[in-house]
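Trainee: If you scroll down you'll find the structure; I have some questions about it.
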Amino acid sequence: MSSAKKFRIWFWLAILIVLAGGIIALVVIPPRMKAKEAAEVEKNLPPIQIELLNGCGVPDVARKVRDRLLDHNIDVIRFGNAKKYIYNKSIIVVRKDHKDDLERLKANTGIDQVVYALDEMAETPFQIIIGDDYKRFLEN
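Here is the structure:
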């Protein structure tokens, strides 16, 4: 094989490696930067006020989860027990229609189950009812 042909092979191989590295950088780095930027923005926003209810029946779980949520810019105004311990998954109950805060709350908690029970007289705009999946709140 001639040296010119070897050079072209190595040249194109180097180009492919650089392109692959660039694609990997575009896929991996922006999500990390976005998460970091989102955390910085979140620090400057007012805390989201919620009521936290134990819907799974595990003793003291609302207090333990409350302590963790405080680290995520969530202000737990009141916590206690739900009327029934029937919740398999944690849910967000929307009491006041604050769309931006709802998106923040979903992002900060990882809860995607949402129920609307609008009540403009409610003390807090949201309730979180903790379900049997409560352990994920205590892992981080």
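Going by the numbering used here, the sequence shown opens with residue 24, and the numbers climb by one from there.
Here a beta-carbon is modelled for each residue, glycine too, at the ideal position from N, C-alpha and C.
1. Does the Cβ of aspartate 120 have 16 or more other Cβ atoms within 10 Å, making it buried, or fewer, making it exposed?
2. Tell me which same chain residues have a C-beta within less than 7 Å of the C-beta of aspartate 156, skipping the five on either side of it?
3. By Cβ distance below 8 Å, which residues in the same chain neighbour aspartate 98 in space, the five residues on each side in sequence not counted?
4. Given this structure, state the Cα-to-Cα distance separating alanine 130 from tryptophan 35, to the nearest angstrom.
5. Can you name the start and end residues of the beta strand (DSSP E) that glutamate 74 belongs to?
6. Is it the case that the Cβ atoms of arginine 91 and leucine 161 are separated by a distance below 8 Å?
7. Buried or exposed: valine 116, going by 16 or more other Cβ atoms within 10 Å of its Cβ?
8. How should asparagine 67 be labelled, buried or exposed, when 16 other C-beta atoms within 10 angstroms of its C-beta is the threshold for buried?
9. How long is the line joining the alpha carbons of cysteine 79 and arginine 101, rounded to whole angstroms?
10. With distances taken from CA atoms, which of Asn77, Phe149, Arg31 is nearest arginine 127?
11. Excluding the 5 residues flanking isoleucine 134 on each side, which residues of the same chain have their C-beta closer than 6 Å to its C-beta?
12. Where does glycine 44 sit, in a helix, a strand or coil, going by DSSP?
13. Below 8 Å on the Cβ atoms is my guess for leucine 76 versus alanine 85; work out the distance and round it to an integer in Å.
Mentor: So, from the data block:
1. When all chains shown are included, aspartate 120 counts as exposed.
2. The beta carbon of aspartate 156 sits closer than 7 Å to the beta carbons of Lys112, Ser113 from its chain, once the five residues preceding and following it are set aside; these are given in chain order.
3. Around aspartate 98, the same chain offers Pro70, Ile71, Gln72, Ile73 as residues with beta carbons nearer than 8 Å, after the five sequence neighbours per side are excluded.
4. When rounded, the distance between both Cα atoms is 43 Å.
5. Unbroken beta strand (DSSP E) run through glutamate 74: 71–77.
6. Against a cut-off of 8 Å, the Cβ pair of leucine 161 and arginine 91 comes out as a contact.
7. In this structure valine 116 is buried. Its beta-carbon is surrounded by 16 or more other beta-carbon atoms within 10 angstroms.
8. Residue environment: asparagine 67 is assigned as exposed (fewer than 16 neighbouring CB atoms within 10 Å of its CB, all protein chains considered).
9. Distance between the alpha carbons of cysteine 79 and arginine 101 is about 17 Å.
10. That would be Phe149, whose Cα lies nearest to the Cα of arginine 127.
11. If you ignore the 5 residues before and after isoleucine 134, its C-beta comes within less than 6 Å of the C-beta of Ser113, Ile115, all in its own chain and listed in chain order.
12. Glycine 44: helix per DSSP, three-state reduction.
13. Right, the Cβ-Cβ distance comes to about 7 Å (below 8 Å), so this counts as a contact.
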